[in-house]
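K.L.:
Input: one structure, supplied below.
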Amino acid sequence: MDDFNDMMSDTGLIDAGFEGEPFTWTNKRVWRRLDRVLYSKEWAETFNITRVLHLPRRLSDHHLSALKRLKLKKKPSSFRFQNMWLHHHSFLHTVKQSWELPIEGYGMYKLQQKIYRTKELLKKWNRETFGNVFTTVQQAKQEATDVKKSLIGTLQRQTSSPSTKAMQ
Numbered sequence: 034m035d036d037f038n039d040m041m042s043d044t045g046l047i048d049a050g051f052e053g054e055p056f057t058w059t060n061k062r063v064w065r066r067l068d069r070v071l072y073s074k075e076w077a078e079t080f081n082i083t084r085v086l087h088l089p090r091r092l093s094d095h096h097l098s099a100l101k102r103l104k105l106k107k108k109p110s111s112f113r114f115q116n117m118w119l120h121h122h123s124f125l126h127t128v129k130q131s132w133e134l135p136i137e138g139y140g141m142y143k144l145q146q147k148i149y150r151t152k153e154l155l156k157k158w159n160r161e162t163f164g165n166v167f168t169t170v171q172q173a174k175q176e177a178t179d180v181k182k183s184l185i186g187t188l189q190r191q192t193s194s195p196s197t198k199a200m201q
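According to the working numbering, the sequence shown is numbered sequentially starting from 34.
Shown next, in the form of structure tokens:
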């Protein structure tokens, strides 16, 4: 087992661990965990965290193993200032309203709290004022594509109509 652990250490492989039965093999007298899943850091970065499920043993002396990809908690998206906000009539009022609310504390703590509060208020204001901009842009692009296809179809029908051919 020491050689196996040395090999894992030398190659940087990680044991995926397991859920379920602690042993993967038995001869009905001896129980062992012989079957393991090892993965690299690259695998972990690509597929998040992987676990192995030891499924119930049926006919074989080995348990079946299945890979399970665990979902990571979604981290909150970072705050992004949008230049379009500057052109909206209520932007400055919203920032001023947040910034002028009193905060207890001293110096940098007050500044940090004002920035945090203003950020949260601007995120809410953005949702209420503009909605989901990325979805709106996607919809507008799809509408433009649909109109373009429609125009091309209309032009093709017009150029292939009998009256057009008669004029030639």
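Think of the CB as a built atom: it goes at the ideal place given N, C-alpha and C, for glycine as much as any other residue.
According to the neighbour-count rule (16 or more other Cβ atoms, all chains shown, within 10 Å of its Cβ), is Phe51 buried or exposed?
P.N.:
Counting from 1 along the sequence shown, the entry for residue 51 is found at position 18. Under this definition Phe51 is a buried residue.
K.L.:
In the DSSP assignment, what are the bridge partners of Tyr72?
P.N.:
On the sequence shown, residue 72 is found 39 positions in, with the first residue counted as 1. Beta-bridge pairing links Tyr72 to Ile47.
K.L.:
Compute the Euclidean distance between the alpha carbons of Thr59 and Ser98, then round it to the nearest angstrom.
P.N.:
Here residue 59 corresponds to residue number 26 of the sequence shown, with the count starting at 1. Here residue 98 corresponds to residue number 65 of the sequence shown, with the count starting at 1. When rounded, the distance between both Cα atoms is 15 angstroms.
K.L.:
First and last residue of the beta strand (DSSP E) that includes Leu103?
P.N.:
What you label residue 103 is simply residue 70 of the sequence shown in a count that begins at 1. That run of the beta strand (DSSP E) goes 98 to 103.
K.L.:
In the DSSP assignment, what residue or residues form a beta bridge with Glu137?
P.N.:
For this step, residue 137 is matched to residue 104 along the sequence shown. Looking at the DSSP assignment, Glu137 forms no beta bridge with any residue, so it has no partner.
K.L.:
Spatial neighbours of Thr79 within its chain, please: CB distance less than 7 angstroms, with the 5 preceding and 5 following residues excluded, ordered by chain position.
P.N.:
Residue numbering aside, residue 79 sits at position 46 when the sequence shown is read from its first letter. Nothing listed; no residue qualifies.
K.L.:
Give a yes or no on whether the C-beta atoms belonging to Trp118 and Phe112 are separated by under 8 angstroms.
P.N.:
Counting from 1 along the sequence shown, the entry for residue 118 is found at position 85. Counting from 1 along the sequence shown, the entry for residue 112 is found at position 79. Against a cut-off of 8 angstroms, the Cβ pair of Phe112 and Trp118 comes out as no contact.
K.L.:
Rounded to whole angstroms, what's the CA-CA distance from His126 to Asn159? Just pull it up for me.
P.N.:
Counting from one through the sequence shown, the residue named residue 126 turns up at place 93. Counting from one through the sequence shown, the residue named residue 159 turns up at place 126. Roughly 13 angstroms separates the two Cα atoms.
K.L.:
Excluding the 5 residues preceding and the 5 following Phe56 in the sequence, name in chain order all residues of the same chain whose CB lies nearer than 7 angstroms to its CB.
P.N.:
Here residue 56 refers to the residue found at position 23 of the sequence shown. So the list reads Trp64, Arg65, Arg66, once near-sequence residues are dropped.
K.L.:
Once the 5 residues before and after Thr83 are set aside, which same chain residues still bring their CB inside 8 angstroms of it?
P.N.:
Walking along the sequence shown from the start, residue 83 turns up at place 50. Cβ within range, chain order: Ala49, Val70, Tyr72, Trp76, Ala77, Leu100, Lys101, Arg102, Leu103.
K.L.:
If we ignore side chains and look at the alpha-carbon of each, how far apart do Pro109 and Leu155 end up?
P.N.:
As a working note, residue 109 is residue 76 in the sequence shown. As a working note, residue 155 is residue 122 in the sequence shown. Their Cα atoms are separated by approximately 15 angstroms.
K.L.:
Buried or exposed: where does Thr168 fall if 16 or more other Cβ atoms within 10 Å of its Cβ makes it buried?
P.N.:
The residue given as residue 168 occupies position 135 in the sequence shown. So Thr168 ends up on the exposed side.
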